[in-house]
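Colleague:
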Amino acid sequence: MTDLSKQITKAKILAYQRKLESMGLSPSTVKRRMAAVRKFCFWAAEKGYLRENPFASRPLLEKLGAPKGVVAKIRQQIRRLPPLPTLSNIYEIYHSISITRYLHWAILIIFCAA
């Protein structure tokens, strides 16, 4: 597999954007072409052609200059968190409450009486 990391760099992408702007293209055309390059870079990184995606943004803590140890510790704590409940889990939890059946009957009676 060919590694495109040496050929596609952030500096080259910025130079390409400046070149498009200097050609007098409309801002929407420049944005559209840059979006195509961005999409290609994400695809290439996903398929393994790029080791590092030039468009991938750094996490906020790293942007703010947080020490690497703190960032790693926070990532570990986030990984330890239980997964968020899915819709099916919420349904099961709701129906596991013993009063739920009586609540359904009460709502049914209220609708029938009205």
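Going by this note's numbering, the first residue of the sequence shown is number 18, and it counts up by one from there. Where a beta carbon is used, it is the ideal one built from N, C-alpha and C, also for glycine.
What are the start and end residues of the alpha helix (DSSP H) that includes L125?
Modeller: Your numbering for residue 125 matches position 108 in the sequence shown. First-last of the alpha helix (DSSP H) with L125: T117 to A130.
Colleague: Less than 8 angstroms between the beta carbons of T27 and P71, yes or no?
Modeller: The residue given as residue 27 occupies position 10 in the sequence shown. The residue given as residue 71 occupies position 54 in the sequence shown. In the sequence as displayed, the identity of residue 27 is Lys instead of Thr. Against a cut-off of 8 angstroms, the Cβ pair of P71 and K27 comes out as a contact.
Colleague: In whole angstroms, what separates the C-alpha of L21 from that of A73?
Modeller: If you number the sequence shown from 1, residue 21 lands on position 4. If you number the sequence shown from 1, residue 73 lands on position 56. Taking the straight line joining both Cα atoms gives about 15 angstroms.
Colleague: For my contact list, T117 and Y111 are in at a C-beta cut-off of 8 angstroms; report their separation, rounded to the angstrom.
Modeller: Taking the first residue of the sequence shown as 1, we reach residue 117 at position 100. Taking the first residue of the sequence shown as 1, we reach residue 111 at position 94. At roughly 6 angstroms, the Cβ-Cβ gap stays under 8 angstroms, so T117 and Y111 are in contact.
Colleague: Just how far apart, CA to CA, sit V47 and G41?
Modeller: Stepping through the sequence shown from its first residue, residue 47 is reached at position 30. Stepping through the sequence shown from its first residue, residue 41 is reached at position 24. Each residue's Cα considered, the two are about 10 angstroms apart.
Colleague: Only counting the same chain, and skipping five residues up and downstream in sequence, which positions put a Cβ closer than 7 angstroms to that of C58?
Modeller: Locating residue 58 in the sequence shown gives position 41, counting from the first residue. Excluding residues within five positions, the ones whose Cβ falls inside 7 angstroms are I25, L67, N70, P71 and F72.
Colleague: Please classify E69: does DSSP put it in a helix, a strand, or coil?
Modeller: Position 52 of the sequence shown holds residue 69. Here E69 sits in coil by DSSP.
Colleague: Using the C-alpha atoms, what's the distance from A32 back to R49?
Modeller: For the purposes of this step, residue 49 is identified with residue 32 of the sequence shown, where counting begins at 1. For the purposes of this step, residue 32 is identified with residue 15 of the sequence shown, where counting begins at 1. Their Cα atoms are separated by approximately 16 angstroms.
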